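First comes the structure, then the notes that go with it.
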Amino acid sequence: MMFGGSFAPSNVMNMFVVDPFTLFYQFIAVVAALACCTLSHAYIETYKDNREELYILMLISVTGAMLMVASSHYASFFISLELLSIPVYGLLAYTHQRGKSLEAGVKYLVLSATASAILLMGMAYVYAYTGTLSFTDFPGLYGNQLAQVQQIASLADFIEQLKGFLAQPMILLGSGLIVIAIAFKLSLAPFHKWTPDVYQGAPAPIATYLATVAKVATIGLLVRFILSSGFILVPSIVTVLTVIAVLSILVGNFLALRQVNLKRILGYSSIAHFGYLLIALISLGYASLGSVSVYVVTYTLTTIGAFGAVALMSSPYNNVDEAESLADYRGLFWRRPVLTATLTVMMLSLAGIPLTAGFIGKFMVVIAAVTTEHWFLAAMVVVGSGIGLYYYLRVMIVMYMTPPDNPRIDAVDHWGQKVGGLMVLGAAALVLIIGVYPDPIINLALKSEILSPLHFLMSQQH
Numbered sequence: 001m002m003f004g005g006s007f008a009p010s011n012v013m014n015m016f017v018v019d020p021f022t023l024f025y026q027f028i029a030v031v032a033a034l035a036c037c038t039l040s041h042a043y044i045e046t047y048k049d050n051r052e053e054l055y056i057l058m059l060i061s062v063t064g065a066m067l068m069v070a071s072s073h074y075a076s077f078f079i080s081l082e083l084l085s086i087p088v089y090g091l092l093a094y095t096h097q098r099g100k101s102l103e104a105g106v107k108y109l110v111l112s113a114t115a116s117a118i119l120l121m122g123m124a125y126v127y128a129y130t131g132t133l134s135f136t137d138f139p140g141l142y143g144n145q146l147a148q149v150q151q152i153a154s155l156a157d158f159i160e161q162l163k164g165f166l167a168q169p170m171i172l173l174g175s176g177l178i179v180i181a182i183a184f185k186l187s188l189a190p191f192h193k194w195t196p197d198v199y200q201g202a203p204a205p206i207a208t209y210l211a212t213v214a215k216v217a218t219i220g221l222l223v224r225f226i227l228s229s230g231f232i233l234v235p236s237i238v239t240v241l242t243v244i245a246v247l248s249i250l251v252g253n254f255l256a257l258r259q260v261n262l263k264r265i266l267g268y269s270s271i272a273h274f275g276y277l278l279i280a281l282i283s284l285g286y287a288s289l290g291s292v293s294v295y296v297v298t299y300t301l302t303t304i305g306a307f308g309a310v311a312l313m314s315s316p317y318n319n320v321d322e323a324e325s326l327a328d329y330r331g332l333f334w335r336r337p338v339l340t341a342t343l344t345v346m347m348l349s350l351a352g353i354p355l356t357a358g359f360i361g362k363f364m365v366v367i368a369a370v371t372t373e374h375w376f377l378a379a380m381v382v383v384g385s386g387i388g389l390y391y392y393l394r395v396m397i398v399m400y401m402t403p404p405d406n407p408r409i410d411a412v413d414h415w416g417q418k419v420g421g422l423m424v425l426g427a428a429a430l431v432l433i434i435g436v437y438p439d440p441i442i443n444l445a446l447k448s449e450i451l452s453p454l455h456f457l458m459s460q461q462h
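Under UniProt numbering, the first residue of the sequence shown is numbered 1, with each subsequent residue one higher.
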């Protein structure tokens, strides 16, 4: 019923919309958050201070994430974004005895506050010109009402009116600032400088949370904002998104080549992955939801597994720091073969190797670009994946090398019996299952539609 064609969207206080798109992304966010909780349980088991507050902060933040993907109003947009972000400051600095953790929290606080200021400025410009805070109301602000658009000819005229309205300098400036603020939150290039330091300093389960729940909610909000408001029709906005996507792919992959810290490698690779995701949105516009949603699922599953392995290897409260350096994973296969196999599956999936979930996600992005003859963008996905293959293979090779005589850090013997270990094994199994049989996920993603009036009309046109 939730993902069927008969599902009617619920408008809550003109600030939130509950439709299949909302439910799909909320489900992903909740599952990812539960996975982060299972990793946190083992991670802070020997933590001497309060452990319960971590889960409270995570619960508050997840509430913000769920509200974000349902937002249809700038007020709910901003409040839910802050409800997501503010607890994350505390989560990042939760293990403040580690200097890196406190540093990560402060860095994220400063840069997140900057992004929030830019976001508010953009909203102010848009509101000053339009007089409304609802970004789904733009089509009703001029000329023909959406409900009166019946014929394709009148729809074409309507679209031209919409483009002209959205191309007004004040609206363009405001929407540009909003896109930049969201790019900050998604750590897209060139607004990515905070990412590697924050990922490296964050406790491993919180880095997992930041890379999955926070980013899933933010990309869901960006997709709804861009499609419901009609900004995807404005050439200048599409150009900005294209530049950000290409820069993210190049910067994320090239900077990851030089890293010897696994968390920094995963941080930089996440920049590239959201560049790929933007390409699907740019290429297909209103027909992109299936490709975007499939990529979000495959990315989330794989990232949970990769960061989960790092969390299981880390024992920061047994007088040993986190397992960050690639040297910590040298010869892991000879000590923990199952954990090594799990991390290998995740690296192959991130690289987009066939028979893994990551391949399905990248394949759909390439198909989206090729279908609309965006040859350059399709080439960027292929080139980026080729570059990424090098550093993912480097991680795998290190794990199968001759082990050191006295490894500095190791996963506990019974890691697979812990809830976090079982979750990581389950994620690895799903990555392989989706890689072989992706139909259920693809069908579900295709049904996760945004039920806004403008999206309905544009879908009819396609």
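Backbone N, C-alpha and C define an ideal beta-carbon position, used for all residues, glycine too. This one's a predicted model, so the numbers in the text were calculated from it and none came from an experiment.
Considering Cα atoms alone, identify which of the options is closest to residue i.
i      : options                          : result
MET253 : THR63, SER85, TYR392 and MET423  : Checking the displayed sequence, the identity of residue 253 turns out to be Asn instead of Met. Checked all of THR63, SER85, TYR392 and MET423; the closest Cα to ASN253 is TYR392.
ILE249 : THR218, PHE191 and VAL234        : PHE191
MET13  : SER76, ILE360 and MET380         : SER76
LEU109 : TRP194, VAL381, THR38 and VAL30  : TRP194
LYS362 : VAL424, ALA323 and THR298        : THR298
GLY230 : ALA65, LYS100, PHE165 and PHE333 : PHE165
VAL345 : LEU233, THR22, GLY275 and ILE434 : ILE434
ALA217 : PHE16, ALA35, PRO438 and THR22   : THR22
ARG335 : VAL296, THR356 and MET401        : MET401
MET170 : GLN200, SER187 and VAL126        : VAL126
VAL213 : TYR437, VAL31 and VAL431         : VAL31
ILE28  : ARG394, LYS215 and ALA181        : LYS215
LYS48  : THR340, TYR94, MET380 and THR136 : TYR94
SER116 : GLU82, VAL198, GLU45 and MET423  : GLU82
PRO87  : THR114, TYR390, GLY64 and SER270 : GLY64
VAL234 : ILE159, THR300 and ALA128        : ILE159
ALA369 : ALA280, PRO196 and TYR89         : ALA280
In whole angstroms, what is the alpha-carbon distance linking residue i and residue j?
i      : j      : result
ASN50  : MET396 : 36 Å
ILE450 : ASN443 : 15 Å
MET68  : LYS447 : 20 Å
LEU350 : GLN161 : 42 Å
ILE244 : ALA189 : 6 Å
VAL338 : VAL398 : 15 Å
LEU91  : VAL106 : 11 Å
LEU227 : THR242 : 16 Å
THR372 : PRO404 : 51 Å
GLU322 : SER291 : 35 Å
ALA202 : ALA156 : 50 Å
ALA33  : ALA42  : 15 Å
ALA272 : GLY384 : 8 Å
THR38  : PRO20  : 27 Å
ILE118 : LEU111 : 11 Å
GLY143 : GLY131 : Confidence is the limiting factor: at GLY143 the pLDDT is only 41, short of 50, which leaves the residue's position unreliable and the question unanswerable from this model.
LEU425 : GLN168 : 52 Å
ARG394 : PHE184 : 29 Å
ILE178 : VAL366 : 27 Å
SER134 : VAL251 : 34 Å
LEU255 : GLY122 : 30 Å
ILE44  : LYS418 : 13 Å
ILE237 : GLY176 : 7 Å
THR114 : VAL198 : 16 Å
Going by DSSP, what residue range makes up the alpha helix (DSSP H) through residue i?
i           : result
SER248      : 235 to 256
SER85       : 74 to 92
SER288      : Counting along the chain, SER288 falls outside any alpha helix (DSSP H), and DSSP gives it neither H nor E.
LYS100      : 99 to 130
VAL370      : 357 to 371
ASP439      : 439 to 446
residue 463 : With the chain covering only 1 through 462, there is no way to say anything about residue 463.
PHE376      : 375 to 399
GLN259      : Element bounds for GLN259: n/a, residue is neither H nor E.
ILE434      : 419 to 436
PHE184      : 169 to 185
SER61       : 52 to 68
SER229      : 215 to 229
THR195      : 194 to 201
By a C-beta neighbour count over all protein chains shown, 10 Å radius and 16 as the cutoff for buried, is residue i buried or exposed?
i      : result
SER10  : exposed
GLN26  : buried
ILE56  : exposed
ALA445 : buried
HIS73  : buried
PHE376 : exposed
VAL17  : buried
ALA128 : exposed
LEU257 : exposed
Determine the extent of the beta strand (DSSP E) in which residue i is found, giving its start and end residues.
i     : result
VAL17 : 16 to 18
SER10 : 10 to 12
Open item on the list: Taking 8 Å as the cut-off, does the stretch 252 to 267 touch the stretch 301 to 310 (at least 3 CB pairs, one atom from each stretch)?
Closed with: yes
TODO: Tell me, please, whether the stretch 322 to 335 touches the stretch 221 to 230 by the rule of three or more beta-carbon pairs shorter than 8 Å.
DONE: No: fewer than three Cβ pairs fall under 8 Å.
Open item on the list: Using a Cβ distance threshold of 8 Å, determine whether the stretch 263 to 281 contacts the stretch 205 to 220, with at least three qualifying pairs required.
Closed with: yes
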